[in-house]
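Structure first, commentary second.
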Amino acid sequence: MPQPSTPDAVWSEYAAALGLALARARDRCGLSQQRVAAAADIAEFTYRKLEHGISNPGTPANPQLRTLVKLAEVLGVPLATLLPPDPGGVAPGR
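If you count the sequence shown from 1, position 71 lands on 71 in this note's numbering, and the numbers rise without skipping.
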């Protein structure tokens, strides 16, 4: 019987899926990571980490809502298209 995922594991998967959505949207626009980062007023290093779903080594990404809204605007997509489906299981007290 599979063991239930921990909230941290669920969040890591969600952050990775968000990163993949960012990379795909960027590729569709034909933009470089540098261009997207500059247009969204974030560091290129920060944007690269978001595409990889990480914040620091071993820590899943957790970008601010404002950052996500700016990235969606730069990429020309609705914010909802960047967000993976609700993962459930993130709140440890549920």
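The beta-carbon is built from N, C-alpha and C at its ideal position, and this holds for glycine as well. What you are looking at is a predicted structure, and each value in this text was computed from that prediction instead of being measured.
Backbone CA spacing between GLN3 and ALA39 [nearest angstrom]: Residue placement at GLN3 is poorly supported in this model, since its pLDDT is 48, which falls under 50; the coordinates still yield a value, given next. Near 42 Å, if we compare the C-alpha coordinates of ALA39 and GLN3.
Kindly indicate the opening and closing residues of the beta strand (DSSP E) around SER55. 54-56
Is any heavy atom of the ligand PLP found at a distance shorter than 6 Å from the C-beta of GLY58? Absence of the ligand PLP from the depicted structure is noted, as is the absence of any ligand whatsoever, leaving it without description.
Taking SER12 as part of the alpha helix (DSSP H), name the residues at either end of that continuous run. 7-29
Please identify the residue among GLY58, LEU22 and LEU83 whose C-alpha is closest to the C-alpha of LEU75. LEU22
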